[in-house]
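Engineer: Residue numbering for the sequence shown is 1 to 110, as defined by UniProt numbering.
Glycine is no exception: its CB is placed at the ideal position from the N, C-alpha and C atoms.
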Amino acid sequence: MAADRGAFIDQSQSLNIHIAEPTMNKLSSMHFYAWKKGLKTGMYYLRTRPAADPIKFTVDKSRIPAPIKVDDAVEKPTAAQEETPKTEEQNLARRMKQCNMTDENGACLM
Numbered sequence: 001m002a003a004d005r006g007a008f009i010d011q012s013q014s015l016n017i018h019i020a021e022p023t024m025n026k027l028s029s030m031h032f033y034a035w036k037k038g039l040k041t042g043m044y045y046l047r048t049r050p051a052a053d054p055i056k057f058t059v060d061k062s063r064i065p066a067p068i069k070v071d072d073a074v075e076k077p078t079a080a081q082e083e084t085p086k087t088e089e090q091n092l093a094r095r096m097k098q099c100n101m102t103d104e105n106g107a108c109l110m
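#1: Assuming A34 and L46 make a contact with CB atoms under 8 Å, what is their CB distance in whole Å?
#2: To the nearest angstrom, how far is the alpha carbon of K97 from that of T87?
#3: Could you give the first and the last residue of the continuous alpha helix (DSSP H) run that contains K37?
#4: Going by C-alpha to C-alpha distance, which of Q90, P67, R49, A66 sits closest to E21?
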């Protein structure tokens with residue numbers, strides 16, 4: 001029927017064939033049959049069965065470890081560690097201010 005419709009279709013008529021167990025002989029016979037019937041496209045898509053059956057490929061959820069809470073995994077910073085970023089930011093701000101004041105050419109490399 002696909003070949004019969006081919007004369008009335010502008011480009012080409014697709015022929016969808018599902019072969020459960022494709023072999024070279026089956027594919028070759030299918031291509032020659034379609035060619036003899038006048039179909040222009042020999043093979044647009046070739047699909048086969050997947051290598052793994054999705055139903056058989058599952059995960060045992062009892063073996064997955066429980067997620068770690070973020071609060072338990074992250075150490076709380078000490079008072080000295082909390083002050084360090086502020087000091088670093090202050091030093092950077094001071095250096096940028098000095099760079100702007102002393103630079104004559106407008107370019108400053110810290």
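Structural biologist: The structure says:
#1: Wrong, their Cβ atoms sit about 13 Å apart, outside the cutoff.
#2: 15 Å
#3: 24 to 37
#4: R49
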